[in-house]
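To keep things clear, I will list the structure first and then write my remarks on it.
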Amino acid sequence: MTKRNAPARTLAKQGADTIRASETNPPVASELAGSALDIRAMPAEGRVRAVIENIAPAVDDGRFPIKRTVGEEVVVEADCFTDGHDALICLLRWRHESESDWHETPMRSLPNDRWQASFRVESMGRYRYTVVAWVDAFLSWQRDFRRRVEEADIRIAALAGVELIEQAAARATGDDRAPLAAWAARLQREQSMAAIQACALDAEATMLALRHPDRQWQCVWPDEYVVWVDRELARFSAWYELFPRSAGDNGNHGTFDDVIERLPYIAGMGFDVLYLPPIHPVGRVRRKGRNNQLVAAPGDVGSPWAIGAEEGGHKAIHPQLGDLEAFRRLVAAARSHGIEIALDIAYQCAPDHPYVAEHPAWYRHRPDGSVQYAENPPKKYQDIYPFNFETDDWRNLWLELRDVLEYWLREGIRIFRVDNPHTKAFPFWEWAIDDVRRNYPDAIFLAEAFTRPKVMHRLAKLGFTQSYTYFAWRNTKQELTEYFTELALGPGREYFRPNVWPNTPDILTEHLQFGGRGAFIARIVLAATLAASYGIYGPAFELMEATPREPGSEEYLDSEKYQLRQWDLSRDDSLAELIARLNQARRANPALQSDRGLHFHPTDNDSLLCYSKTSADNVVLVLVNVDPYHAQSGWTELDLEVLGVEPERPFQMHELLSGARYLWQGSRNFVRLDPAGAPAHVFRLRRKVRSERDFDYFL
Numbered sequence: 011m012t013k014r015n016a017p018a019r020t021l022a023k024q025g026a027d028t029i030r031a032s033e034t035n036p037p038v039a040s041e042l043a044g045s046a047l048d049i050r051a052m053p054a055e056g057r058v059r060a061v062i063e064n065i066a067p068a069v070d071d072g073r074f075p076i077k078r079t080v081g082e083e084v085v086v087e088a089d090c091f092t093d094g095h096d097a098l099i100c101l102l103r104w105r106h107e108s109e110s111d112w113h114e115t116p117m118r119s120l121p122n123d124r125w126q127a128s129f130r131v132e133s134m135g136r137y138r139y140t141v142v143a144w145v146d147a148f149l150s151w152q153r154d155f156r157r158r159v160e161e162a163d164i165r166i167a168a169l170a171g172v173e174l175i176e177q178a179a180a181r182a183t184g185d186d187r188a189p190l191a192a193w194a195a196r197l198q199r200e201q202s203m204a205a206i207q208a209c210a211l212d213a214e215a216t217m218l219a220l221r222h223p224d225r226q227w228q229c230v231w232p233d234e235y236v237v238w239v240d241r242e243l244a245r246f247s248a249w250y251e252l253f254p255r256s257a258g259d260n261g262n263h264g265t266f267d268d269v270i271e272r273l274p275y276i277a278g279m280g281f282d283v284l285y286l287p288p289i290h291p292v293g294r295v296r297r298k299g300r301n302n303q304l305v306a307a308p309g310d311v312g313s314p315w316a317i318g319a320e321e322g323g324h325k326a327i328h329p330q331l332g333d334l335e336a337f338r339r340l341v342a343a344a345r346s347h348g349i350e351i352a353l354d355i356a357y358q359c360a361p362d363h364p365y366v367a368e369h370p371a372w373y374r375h376r377p378d379g380s381v382q383y384a385e386n387p388p389k390k391y392q393d394i395y396p397f398n399f400e401t402d403d404w405r406n407l408w409l410e411l412r413d414v415l416e417y418w419l420r421e422g423i424r425i426f427r428v429d430n431p432h433t434k435a436f437p438f439w440e441w442a443i444d445d446v447r448r449n450y451p452d453a454i455f456l457a458e459a460f461t462r463p464k465v466m467h468r469l470a471k472l473g474f475t476q477s478y479t480y481f482a483w484r485n486t487k488q489e490l491t492e493y494f495t496e497l498a499l500g501p502g503r504e505y506f507r508p509n510v511w512p513n514t515p516d517i518l519t520e521h522l523q524f525g526g527r528g529a530f531i532a533r534i535v536l537a538a539t540l541a542a543s544y545g546i547y548g549p550a551f552e553l554m555e556a557t558p559r560e561p562g563s564e565e566y567l568d569s570e571k572y573q574l575r576q577w578d579l580s581r582d583d584s585l586a587e588l589i590a591r592l593n594q595a596r597r598a599n600p601a602l603q604s605d606r607g608l609h610f611h612p613t614d615n616d617s618l619l620c621y622s623k624t625s626a627d628n629v630v631l632v633l634v635n636v637d638p639y640h641a642q643s644g645w646t647e648l649d650l651e652v653l654g655v656e657p658e659r660p661f662q663m664h665e666l667l668s669g670a671r672y673l674w675q676g677s678r679n680f681v682r683l684d685p686a687g688a689p690a691h692v693f694r695l696r697r698k699v700r701s702e703r704d705f706d707y708f709l
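Start counting at 1 in the sequence shown, then tack on 10, and there's your number in our numbering.
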C-alpha cells in the first residue's frame, strides 16, 4: 500500500461540482454582456468529464457506516465512465479518522464500467473512503497509439506523445523528471517505425509517466463513506449467560465470589463472554413472585430487570451479590480465564428506584397521577416503569443514561447487552453509542430486540455492534436456508452482525420443549456454526431444561427471572463436553469465525441441512438432522467448486466432534444422522494432494 499526497489543488475542493483549477482565460464581463446564457446555471468546472456513480458498499447512501473488524478488507466498487472512448484512471481513496492525508490505490476495471479496489483496516475507529476518477490524456494516447497502422498517423501521434510526456516531466519532482524528459527527447528523434513504436510503448517509462498524471480535471465523489472498525470480539464471540444470584450453594443467594468459582467451568466450555443479567438492587414495591406471580411471598427475590431500590439504582450493586470490590475481583478473575464480563443495560426502573422521586418528569403519568408501568398487551409489567423519551427534560435524561454507561466503562466493562433497545428513542442510541465510542472504541453493544425486521436493522445501523435474531424460531431446512442466506449474503451483511441464541431466560421454544436431547444438540451445532457469534442461557441449556410454565408458553417453569435455582453441573447427561468441542472447533477454524463464506448445498432429504463455510484454504462442512424425532438419511449434492475439490480426487472429512475420519469422493455422498446418537456432523475438509515424494497425503 502506497501512501500518496494528492496535489493541494485537488484536495482543496472534493465535490465533483466544486472542483476548480486555475483558469488561464476566464471570461471577462464584456464578453458575457448581453448573452442569453445564464452563467449562474453553469457548473463550477465544465471540463470535469469523468462520471462516478453507485459506490458500494454504502448503507442508505452513506447515511450509516458499514462495519468491519481489525484486519479485515473493505472491497469497494463504483461505476466510472466518461463520454466518448477516452481512457479513465480510477482510484480508491481512504484514511483513518486520525490521519489527515489520504491513501490511494488504483481500481481495476470490471465488466460494464464497474471498477473495484480494496483496502485493509488496521486500527479500531472510523475510516473514511471515496472514489476519484479522471480522463487521462496520456493513457488515452498510448492506448490509441497501439492501434495505429499507417506511418503518417504513427509519426503524428508520436509528436503528440512527446508533448504529453514533456508535460508529465514538468509535473514530476525529484529523480523522475530527468528520465521523463529524456524519454520525450528520444521519442522525438527516433526515425524508423519500429523504433518509434518501441519507444512510445516503453513499459518502464510508461510506469514512470503514470506516477505523475494530469489530475486537474479529476472528479472526486463528494461524499465520504464511513467504515466503523471494531475489535475481533465484535465479529467472533461465544456468550454464556448466567444469573449470579443462582450461583450459590444449598439454596443460598449467590455472590460474585461464587461466580468466580464457576469461571473454570465456563472457560472449560470455551466461552469468551460471560453475560450477567442486571446486577443492581431489585425493587421491593410491586415485586413479582415466583413464576411471575403478581404478589411476592416473603423471601421472593423478584426480577433483576425491576431495577432500583433504596440501596440505589443503575450505578449500584445488589448488596447480596457483593460490593464494588467484589465486582472488580470478578472482572479481573474472568479476564485471567480469557473471559470478558458483559453487563445488562436495562433502561427502566422499579417503582422505588431513586430516579422516580428525583425526576418524576422522566415518566409518563396516568390520569389519576400514578406512574404508567410497562405494558405489552396482554402482558403487564407492574414492577417496571419505562422512561418517557418525549419528556421536556429529555436532555438531562439522555445525559444521565449516558452517565450510567460511563460509570461501568470506568470499571473496565466494555461489553453491554442492551435490554429492549427498540422501546427507547432511536436518536438517543445513535448519540449515546457514538459518544461512547469516541473514548472507548473497543466498546461492544448487543441489541436484544426480537421485533420487526426493519426495526432490528435500524438499531444495527444506529451503532449496535451485534443483534439478536429470529434464529430461535427458524427450525426447518427451508427456514434456516432462507434466513441465513439473507443474513450472510443480503445487503444487511455490511452492518448487521447476528448473534444467535437457541434459548434465553425469556425463550424456551416449542422445538426444545418437545425435541429432547437431539433437538438441543442440533440447535447448538446450528448456532455455533451458522453464525460467528452465538450465545446460550445456561446452565439451563447444557442441562436441557425444557419444562414450560404452562402449555403453549415459551416461559420456563420456575424461571430464574423470579427465583433462585440450583443446578447440578455434574450431571452425566450434560452437554458441556459437546459444547467445549464445538467451541474448540470454532477457534481452530477461521471459516467459523466469520458470517461470510456461507454456502448451502442440496440434499435429497428435506430433514437434512448441509452447508459449508470457507475462509481461504479452511473449509468446514456441517450436516444437521433438523428432525429431532427420527433418524434421517440421504445423499448430498456438494458444490465441489465452492469447496475447492477436484471431482476425480478423493478428500478426507475429519469429524470435529467425534474425531472420526471419512474418505469421500465426488458430490454425492451418503449420510445418516440419528437424534438418539449424533444428530449433526461438523467436518473439516482436508483435500488430498500428491507430494514431491509421489505419495498421497491430506492438507
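Every residue, glycine too, gets a C-beta built ideally from N, C-alpha and C.
Shown here, PRO254 sits in a helix according to DSSP, grouped into three states. Under the DSSP assignment, ALA590 falls in the alpha helix (DSSP H) whose first and last residues are 586-598. Around the beta carbon of PRO612, a 10 Å sphere encloses fewer than 16 other beta carbons of the protein chains shown; the residue is thus reported as exposed. For CYS620 and GLY56, the gap between their C-alpha atoms comes out near 56 Å. A contact between stretches requires three or more CB pairs, one per stretch, nearer than 8 Å, and the region 597-610 meets this requirement with the region 245-253. Minimum Cα-Cα distance from ARG448 among the listed residues ARG136, SER110, LEU592, LEU499 corresponds to ARG136. Annotated as proximal: ARG424 and ILE454, with beta-carbon spacing under 8 Å. Cβ neighbours of ALA537 within its own chain (closer than 6 Å, five residues either side excluded): VAL510, PRO512, TYR544. DSSP places ILE206 within a helical segment (H, G or I) once states are collapsed to three.
Here DSSP, grouped into helix, strand and coil, assigns LYS471 to helix. For HIS521, the uninterrupted alpha helix (DSSP H) run begins and ends at 520-540, by DSSP. Judged by beta-carbon spacing, TRP227 lies within the 8 Å limit of VAL145, meaning their Cβ atoms are closer than that value. In this structure, the alpha-carbon of PRO377 lies about 18 Å from that of ALA367. For LEU456, the pairing in a beta bridge is given by DSSP as ARG427, GLN476.
Under the DSSP assignment, ILE175 falls in the alpha helix (DSSP H) whose first and last residues are 161-181. Between the region 677-684 and the region 628-637, the count of Cβ pairs shorter than 8 Å is three or higher; the stretches touch. Classified as buried, PHE148 has 16 or more neighbouring CB atoms from the shown chains inside 10 Å of its CB. Taking 8 Å as the cut-off, the beta carbon of VAL61 is found no closer than this to the beta carbon of CYS100. Distances from the CA of GLN358 to each of GLU350, GLY348, ARG338, VAL381 were compared; the closest alpha carbon is that of VAL381. Non-local beta-carbon contacts of ARG575 in its own chain, meaning distances under 6 Å to residues more than five positions away in sequence, involve SER256 in chain order. Residue pairing for TRP144: DSSP places it in a beta bridge opposite ILE99. Residue pairing for GLN642: DSSP places it in a beta bridge opposite LEU683. For LYS487, DSSP records no beta bridge to any residue.
Taking C-beta atoms under 8 Å as the contact rule, TRP193 and ALA170 fail to qualify, at a distance of about 14 Å.
A Cβ-Cβ contact shorter than 8 Å links ALA127 with VAL86. No Cβ-Cβ contact shorter than 8 Å links GLU214 with ILE206. The region 291-304 and the region 337-350 do not touch, with fewer than three beta-carbon pairs separated by less than 8 Å. When the Cα atoms are used, ARG678 and ARG694 turn out to be separated by approximately 17 Å.
ASN599 and GLY644 do not touch by the CB rule: their CB atoms are close to 25 Å apart, not below 8 Å.
In the structure shown, the three-state DSSP call for LYS464 is helix. Taking 4 residues as the shortest admissible run, the region 324-383 contains the following complete alpha helix (DSSP H) segments, listed from N- to C-terminal end: 334-346, 364-368. Look at THR433 here: in three-state DSSP terms it is helix. For THR624, the enclosing beta strand (DSSP E) has its first and last residue at 618-625.
Rounded to the nearest angstrom, the Cβ distance from HIS290 to ILE270 is 20 Å, too far for a contact under 8 Å. Annotation for ASP233: no alpha helix (DSSP H) segment contains it, and DSSP assigns it neither H nor E. Residue environment for ARG272: buried (at least 16 other C-beta atoms within 10 angstroms of its C-beta).
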